[in-house]
Amino acid sequence: MIQSMTGFGKASLQLPTKKITVEIKSLNSKGLDVNTRMPSMYREMELGLRNLLSQRLERGKVDFSLFIEITGEETASKINGPIVKGYIAQMREIIPDADPTELMKMAVRMPDALKTERDDIDEAEWQHIQSVIDEALQNIINFRTDEGLALEKEFTQRIANIRALMHEAVSFDSERIDTVKTRLRTALDELEAAVDENRFEQELIFYLEKYDVTEERVRLDNHLNYFLETLAGSEANGRKLGFITQEMGREINTMGSKSNHAEMQKCVVMMKDELEKIKEQVLNVL
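Positions 3 to 288 (the numbering used here) are the ones given, in order, by the sequence shown.
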């Protein structure tokens, strides 16, 4: 079963003093490109987080966001008492009769009056955060799986369209051969020249062999089957499907170059159109 590289997962958890929210978005990419956004105090956990995202998501342009919303009486900023007292003492020397309340208001606005203390990561809290991350990861994987099912249905339908068009193109083969024979015979009759019938038949067979599309049809049919087998396999991946579409394209192009029949060429053009749509969507497959 295939998965899409496009997905979104979100999870949140309310703790007594804060709300934890994790959002993960992913788009298609040749490899894994992870961009993380989180509060600075959790940066030391980033390497392990990147490894986790790599293992679970494998490929894609991934944007990971961790939001911490303080909902209780908790703050990392505290008044720097000695600094504030020093400011007040200095201002009293300058303005002895100043109102103490006004002095305090001015002092707390001075540089370094507030200090931000960086707390160590609480292990219990980080375990809660990890549970939210796991939930968000599972949500994005579910999203990718659902998108993969939709892609699989589309691929199956377009492969069936290509196969039908291939058989339709081949159905014009006998008509094309008769047209070529008639055209060559008419040209010889207009020349009014004596023709060795055996030699004519040999040259005609040689000429028609150059335009025979049997090998291309057989190889294209094999590629179509291989694509569907890979799609249904447990190890389906976008790169492998992309390689198969390249081989399909070669056979379709060769059929187009050999077809000198208007209806056959129309079928080839429609096959190319279906294949291009497959190629566009294969870029989204994990």
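Every residue, glycine too, gets a C-beta built ideally from N, C-alpha and C. Since this is a predicted model, take the numbers as computed values, not measurements.
One question on the structure: do Leu17 and Met40 come within less than 8 Å of each other, judged by their Cβ atoms? Locating residue 17 in the sequence shown gives position 15, where the first residue counts as 1. Locating residue 40 in the sequence shown gives position 38, where the first residue counts as 1. Not a contact, by the Cβ cut-off of 8 Å.
Let me check understanding here. Comparing Cα to Cα, which of Thr73, Ala162 and Met168 lies closest to Arg219? Here residue 219 refers to the residue found at position 217 of the sequence shown. For the residues Thr73, Ala162 and Met168, the minimum Cα distance to Arg219 belongs to Met168.
Report the residue from Met112, Lys12, Leu59 and Thr19 whose alpha carbon sits nearest the alpha carbon of Pro84. As a working mapping, residue 84 is identified with position 82 in the sequence shown. Nearest of Met112, Lys12, Leu59 and Thr19 to Pro84, Cα basis: Met112.
For Leu34, the residue or residues it bridges with in DSSP: For this step, residue 34 is matched to residue 32 along the sequence shown. Leu34 is bridged to Gly62.
Using DSSP with H/G/I as helix, E/B as strand and the rest coil, what is Gly240? Position 238 of the sequence shown holds residue 240. DSSP places Gly240 in helix when its eight states are reduced to three.
Member of Tyr44, Ile70 and Val36 whose CA lies at the smallest distance from the CA of Leu54: Counting from 1 along the sequence shown, the entry for residue 54 is found at position 52. If we check each option's Cα against that of Leu54, Val36 comes out closest.
Under 8 Å between C-beta atoms of Ile254 and Leu222: In the sequence shown, counting from the first residue as 1, residue 254 sits at position 252. In the sequence shown, counting from the first residue as 1, residue 222 sits at position 220. In this structure, Leu222 lies closer than 8 Å to Ile254 by Cβ.
What's the gap between the Cα of Asn239 and the Cα of Leu51? As a first step, residue 239 is located in the sequence shown; it is residue number 237 there, counting from the start. As a first step, residue 51 is located in the sequence shown; it is residue number 49 there, counting from the start. Going by the C-alpha atoms only, they are around 24 Å apart.
Contact check, Met250 vs Ala171, beta carbons under 8 Å: Locating residue 250 in the sequence shown gives position 248, where the first residue counts as 1. Locating residue 171 in the sequence shown gives position 169, where the first residue counts as 1. Cβ distance not < 8 Å, so Met250 and Ala171 don't count as in contact.
Given this structure, state the Cα-to-Cα distance separating Val86 from Thr19, to the nearest angstrom. The count along the sequence shown starts at 1 and reaches residue 86 at position 84. The count along the sequence shown starts at 1 and reaches residue 19 at position 17. Approximately 28 Å between the Cα atoms of the pair.
Nearest by alpha-carbon distance to Glu276: which of Ile143, Ser31 and Ala166 is it? Taking the sequence shown and counting its residues from 1, the one referred to as residue 276 is at position 274. Answer by Cα proximity: Ala166.
In this structure, does DSSP put Val215 in helix, strand or coil? As a working note, residue 215 is residue 213 in the sequence shown. Three-state result, Val215: coil.
Would you please state the rounded distance, in angstroms, between the beta carbons of Ile4 and Gly150? I believe it to be under 8 Å. Walking along the sequence shown from the start, residue 4 turns up at place 2. Walking along the sequence shown from the start, residue 150 turns up at place 148. Sure, about 4 Å apart at Cβ, within 8 Å.
May I have the straight-line CA-CA distance separating Ala100 from Ile81, to the nearest angstrom? Within the sequence shown, the letter at position 98 stands for residue 100. Within the sequence shown, the letter at position 79 stands for residue 81. Spanning the two alpha carbons is a distance of roughly 22 Å.
From Leu153, Thr147, Leu288 and Val134, pick the residue whose C-alpha is nearest to that of Leu15; which is it? As a working note, residue 15 is residue 13 in the sequence shown. Ranking Leu153, Thr147, Leu288 and Val134 by Cα distance to Leu15 puts Val134 first.
Excluding five sequence neighbours on each side, which residues of the same chain lie with their C-beta closer than 7 Å to the C-beta of Val270? Within the sequence shown, the letter at position 268 stands for residue 270. Excluding residues within five positions, the ones whose Cβ falls inside 7 Å are Ala171, Ile254, Met257, Gly258 and Ser261.
According to DSSP, simplified to helix, strand and coil, what is Val172? The residue labelled residue 172 in the question sits at position 170 within the sequence shown. Val172 falls in the helix class under three-state DSSP.
Residues that DSSP places opposite Ser56 in a beta bridge: Walking along the sequence shown from the start, residue 56 turns up at place 54. Ser56 is not bridged to any residue.
Given Leu233 as reference, the closest of Met266, Met273, Trp128 and Ile280 once Cα atoms are compared: Position 231 of the sequence shown, counted from the first residue, corresponds to residue 233. When only C-alpha atoms are compared, the closest one is Ile280.
Whole angstroms are fine: how far does the CA of Asp175 sit from the CA of Lys12? On the sequence shown, residue 12 is found 10 positions in, with the first residue counted as 1. On the sequence shown, residue 175 is found 173 positions in, with the first residue counted as 1. For Lys12 and Asp175, the distance between alpha carbons rounds to 56 Å.
Please report the Cβ distance between Ser6 and Asn286, rounded to the nearest whole angstrom; I am assuming they are in contact, meaning their Cβ atoms lie under 8 Å. To locate residue 6, count along the sequence shown from 1; it is residue 4. To locate residue 286, count along the sequence shown from 1; it is residue 284. That pair is a contact at about 5 Å.
Beta-carbon separation (whole angstroms), Glu48 vs Thr38, contact threshold 8 Å: Numbered from 1 along the sequence shown, position 46 holds the residue referred to as residue 48. Numbered from 1 along the sequence shown, position 36 holds the residue referred to as residue 38. 6 Å between Cβ atoms; contact.
Assuming Gln92 is part of the alpha helix (DSSP H), what are its boundary residues? Position 90 of the sequence shown, counted from the first residue, corresponds to residue 92. Looking at the DSSP string, the run of the alpha helix (DSSP H) that includes Gln92 is Gly83 to Ile96.
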